[in-house]
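Engineer: Structure provided below as structure tokens; questions to follow.
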Amino acid sequence: MKARIPPKIPKQLKQEAERIAKSAYEQIREKENKDITRRVFKTMLYALYKDFGFGRDRCAKALRSMTEIVEHSDTDEVFWEHIDRVVIDKLKLEFDKRDYTDNGKVVNFEGE
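Residues 1 to 112 (this note's numbering) make up the sequence shown, in order.
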């Protein structure tokens, strides 16, 4: 029985393969995040329509507002702390309050 030794892959080729794999993973992750966000928005708009009588114009306005708020989350380091302050502290809605820092450094939890 002969042992087969796999060919050695050059370091640059291996790094390029890892870069391509990481890029593909990020694209898939971004698409999945957008899909989840879209589904949550559609669910909220349906609830506004069904339970609160929102029509097309008010739903469209709510969608624009939610989209702007979410887009702002990418540029504001303490975005979720602001949201928690309003939703949990002011409106008294029952959500778990999170610490969005890691030893004082603000972290982004989008990937969770």
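The beta-carbon is built from N, C-alpha and C at its ideal position, and this holds for glycine as well.
#1: Can you give the Cα-Cα distance for residue 57 and residue 49, rounded to whole angstroms?
#2: I'd like to check one pair, residue 97 with residue 84: are the Cβ atoms closer than 9 Å?
#3: In chain order, what residues of the same chain have a beta carbon less than 7 Å from the beta carbon of residue 79, not counting five sequence neighbours either side?
#4: For the pair the stretch 8-21 and the stretch 34-50, tell me if three or more CB-CB distances fall below 8 Å.
#5: Between which two residues does the alpha helix (DSSP H) containing residue 23 stretch?
Structural biologist: On the basis of the supplied data:
#1: 11 Å
#2: yes
#3: 72, 73
#4: no
#5: 11-52
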